[in-house]
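Let me begin by presenting the structure, written as structure tokens, before commenting on it.
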Amino acid sequence: MDRNIPKQASEAIDFYVRTIYSVLKSNSETRLSGFEEAHSALNSVLHHRARSSAIDFNALVYAILRLPGCIRTVSRVVMGQHEMMFKEQGFANIENWTIVSARARRRYCLYDGERTLACFITSRSDIDDLIPVLTAFQIEWNKLHYLFENVSPLRLSDAALQDDATLRLIAEEIHLNYEDFARLCSIWGDEAGLWLREIKKRSSEIRVRLLDSSLIQYMRSAKKWLANILAEQPEIRNRPIFFVSSNTHSLTNMISGYVTYKEAELVSFMENQDDQKLYLEWKRIESGELSASRENLLYYVLKKFQATPEGRYSIEEQIAYEQQSGISRIASFHAFDIEAQLIDLSKINPGKVDPRIRVPEMDRLIRSRAFIFNIDYPLGMTAYNILSKVSEEFEDLRGVYIMGKAASLNGIYGDVIIPSVIQDMHSRNTYLVSNAFTSADIEPWLTYGSILAHQRAVTVLGTFLQNHTFIEEMYRGGYTDIEMEAGPFLSAVSEIYRANRHPVDQIVSLNKMKLPIGILHYVSDTPMTKGRNLGAGTLSYFGMDSTYATSIAILRKILSNEVEVLTKRCDENYCHESNGY
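Set out below in structure tokens:
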């Protein structure tokens with residue numbers, strides 16, 4: 008096999024990564040500005056205007072959504088692996104700091120209420136992600152600071168910024184695109200004035216410090232995370248499990264049937280909104296005018312409803328309702344900000360589930376001993392740490408199913424990718440996979456997108472750590488799917504059957520493994536186009552079409568496989584009311 012790995016194209020990426028680690032290993036505070044040259048030289052796809060004096064709004068929005076809101080006042084960011092490490096380095100009262108979070112990145116962070124942000128890292132991928140995000144944020148902040156120096160403070164008052172005319176005047180005065188500036192202010196919401204006044208007042212001069220970065224400690228943290236899950240749900244020990252990496256809503260929504268229970272209230276919520284788009288969509292679906300899924304729309308509306316004061320009560324109600332269907336949610340454990348969900352297959356009620364996941368003879372599941380072990384998708388190498396510990400603990404692993412976002416070089420938003428080759432930039436291995444999924448598993452459930460099967464994927468080091476040269480070379484080599492977790496997951500899978508650790512810079516065939524491996528990606532970025540990246544927003548209701556199509560495929564595969572096992576054991580006369588299987 009010709010691997011076609013563009014090593015020259017990745018030189019700028021390698022240089023940036025080497026710069027980050029060579030600087031951070033000193034364990035002392037470092038000016039973030041020291042990374043700006045390597046960051047700009049990379050010419051990242053997400054920050055292609057880093058050297059320009061023009062504001063790169065997409066890069067700025069992307070960074071803001073992946074940093075806690077307190078970053079507005081922060082001048083020092085400290086990274087460490089656990090609380091004791093911070094205390095030993097002089098942050099004695101860190102347990103009293105405030106937990107803060109970003110809207111679009113899960114990372115356990117604490118804020119001292121003044122100028123210091125503590126970020127807990129669970130793998131080196133957190134460093135590969137956090138430093139470029141902070142650097143992009145600082146570069147764009149300082150561009151804005153220069154532009155706002157001569158803007159009247161009166162125009163930056165909270166009252167003034169409520170007026171679109173003021174926003175237009177500011178944009179015209181400092182030569183900003185009004186739509187981009189308004190989008191930025193809308194993300195800040197009621198705090199837009201605080202942000203703009205702070206930007207005008209000072210330049211950003213963030214200092215960063217890495218306390219330590221130990222592989223052993225990363226693995227120890229993963230072990231503690233799993234131990235917490237076992238303590239919360241001890242009955243899962245010695246049970247068969249289907250491991251899934253997806254999100255915290257799609258699988259549980261379809262299994263519990265909660266939206267059907269709340270349908271009347273959700274429809275009323277849509278009907279009473281000022282914006283009638285969703286309600287009109289609902290009416291078109293119900294009348295048969297539109298072939299879209301009514302369940303998908305209800306799932307989308309449920310999230311909107313629960314974000315309102317009147318709908319907030321339903322969050323706890325939903326959790327209680329899910330428990331009737333054998334669903335347990337295990338909250339993230341301190342630094343390991345990854346929720347897990349354990350789903351007891353024997354407690355699934357076939358009458359309640361989304362009709363699209365009903366499989367023949369599903370009533371046999373009442374005899375199942377198996378669980379679905381679902382996690383909120385991890386970042387980069389944290390995927391390896393988690394699956395390594397899970398595979399150590401559970402001997403009867405029935406399958407590994409991975410669902411995640413991806414950037415596509417030959418698709419559009421909402422498409423579904425089924426890869427069979429994964430080039431992992433962490434291990435530099437090329438993994439060959441007999442993917443458990445085919446187009447037939449997706450096609451019946453996908454309304455808007457297309458299916459791209461037999462694709463080659465590349466697992467990158469970080470979202471900022473790629474440029475057009477790298478992407479174009481990968482495309483020439485036949486790689487069309489860019490994502491962040493599949494490679495580390497497959498490194499962990501390879502160790503299940505190997506006598507030693509995964510190899511490095513090799514072709515690794517997993518085609519003959521008995522363990523089912525299913526990988527599905529839904530397209531959320533298209534970097535070969537000039538359109539906005541995910542920094543410009545998130546997938547809309549129509550984007551959920553691909554998310555739920557992949558979720559349906561995963562659940563149908565798991566449920567069908569388990570029914571098949573139960574049927575076979577019944578046929579062999581092992582099935583009896585008193586002994587299950």
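Position one of the sequence shown corresponds to residue 8 (this note's numbering), numbered consecutively onward. Positions of the beta carbon are idealized from the N, C-alpha and C atoms, including for glycine. Values in this document were obtained by computation on a predicted structure and should not be read as measured data.
Item: To the nearest angstrom, how far is it from the Cα of residue 62 to the Cα of residue 522?; Value: 49 Å
Item: Fully enclosed by the stretch 211-290, which alpha helix (DSSP H) runs are 4 residues long or longer?; Value: 222-239, 257-263, 265-268 and 270-278
Item: Roughly how many whole angstroms lie between the Cα atoms of residue 566 and residue 366?; Value: 7 Å
Item: Do you know offhand how far residue 158's Cα is from residue 177's?; Value: 7 Å
Item: Check this for me: beta carbons of residue 211 and residue 149, under 7 Å apart or not?; Value: yes
Item: Report all residues from its chain with a CB closer than 8 Å to the CB of residue 478; omit the five preceding and five following residues, and keep chain order.; Value: 52, 416, 489, 534 and 535
Item: Where does residue 436 land, buried or exposed, given buried means 16+ other C-beta within 10 angstroms?; Value: buried
Item: Where does residue 570 fall in DSSP's three states?; Value: helix
Item: Taking three-plus beta-carbon pairs below 8 Å as touching, is the stretch 157-171 in contact with the stretch 499-508?; Value: no
Item: Classify residue 153 as buried or exposed, calling it buried when 16 or more other Cβ atoms lie within 10 Å of its own Cβ.; Value: exposed
Item: Could you name the residues of the same chain whose beta carbon sits closer than 8 Å to that of residue 467, not counting the 5 residues immediately before and after it, in chain order?; Value: 432, 473, 489, 490 and 491
Item: As a quick exercise: from 91, 202, 96 and 112, pick the residue whose alpha carbon is nearest that of residue 102.; Value: 91
Item: Which of the three DSSP states is assigned to residue 23 in this structure?; Value: helix
Item: Just the Cα atoms here: how many angstroms apart are residue 543 and residue 229?; Value: For residue 543, the predicted structure reports a pLDDT of 43, less than 50, and the residue's modelled location is therefore unreliable. The matter cannot be settled from this model.
Item: According to DSSP, which residues form a beta bridge with residue 474?; Value: 51
Item: For residue 136, report the span of its alpha helix (DSSP H) as first-last.; Value: 131-155
Item: Is it the case that the stretch 19-36 contacts the stretch 214-224, given that we only count it when at least three CB pairs across the two stretches are under 8 Å?; Value: yes
Item: Assuming contact is defined by CB atoms lying nearer than 7 Å, are residue 515 and residue 486 in contact in what I supplied?; Value: no
Item: Report buried or exposed for residue 461, applying the criterion of at least 16 other Cβ atoms within 10 angstroms of its Cβ.; Value: exposed
Item: Using the C-alpha atoms, what's the distance from residue 258 back to residue 248?; Value: 15 Å
Item: For the beta strand (DSSP E) holding residue 426, just list the boundary residues, first then last.; Value: 423-431
Item: Please name the residue or residues paired with residue 407 in a DSSP beta bridge.; Value: 250 and 524
Item: Give the secondary structure of residue 88 by DSSP, where H, G and I count as helix, E and B as strand, and everything else as coil.; Value: coil
Item: What whole-angstrom Cβ distance do residue 348 and residue 470 have, given they're in contact under 8 Å?; Value: Wrong, their Cβ atoms sit about 25 Å apart, outside the cutoff.
Item: Considering only residues of the same chain and omitting the five flanking positions on each side of residue 334, which have a CB-CB separation below 7 Å?; Value: 259, 262, 263, 348 and 350
Item: Under 7 Å Cβ to Cβ from residue 545, same chain only, skipping five residues before and after it: list those, please.; Value: Annotation note: pLDDT 45 at residue 545 (below 50); position unreliable, coordinate value reported separately. No residues qualify anywhere along the chain.
Item: What separation, rounded to the nearest whole angstrom, lies between the Cα atoms of residue 316 and residue 108?; Value: 20 Å
Item: How many Å lie between residue 3 and residue 518 at the Cα?; Value: Here the chain covers residues 8 to 588 and nothing more, so residue 3 does not appear.
Item: Suppose you measure from the CA of residue 441 to the CA of residue 375; what does that come to, to the nearest Å?; Value: 27 Å
Item: Could you check where the alpha helix (DSSP H) with residue 323 kicks off and where it finishes?; Value: 321-330
Item: Quick check on residue 189: does DSSP put it in helix, strand or coil?; Value: helix
Item: Here's a check: name, in chain order, each residue in its chain whose Cβ is nearer than 6 Å to the Cβ of residue 406, leaving out the five neighbours to either side.; Value: 249 and 523
Item: Quick one: is residue 30 near chain D, going by C-beta distance under 7 Å?; Value: In summary, chain D is missing from the structure at hand, where a single protein chain is found.
Item: Rounded to whole angstroms, what is the Cα-Cα separation between residue 123 and residue 83?; Value: 5 Å
Item: Just reading off the beta strand (DSSP E) that residue 6 is part of, what are its end residues?; Value: Look at the range of the chain in this structure, 8 to 588, and you will see that residue 6 is not part of it.
Item: Output the distance between the C-alpha atoms of residue 559 and residue 48, rounded to the nearest integer angstrom.; Value: 42 Å
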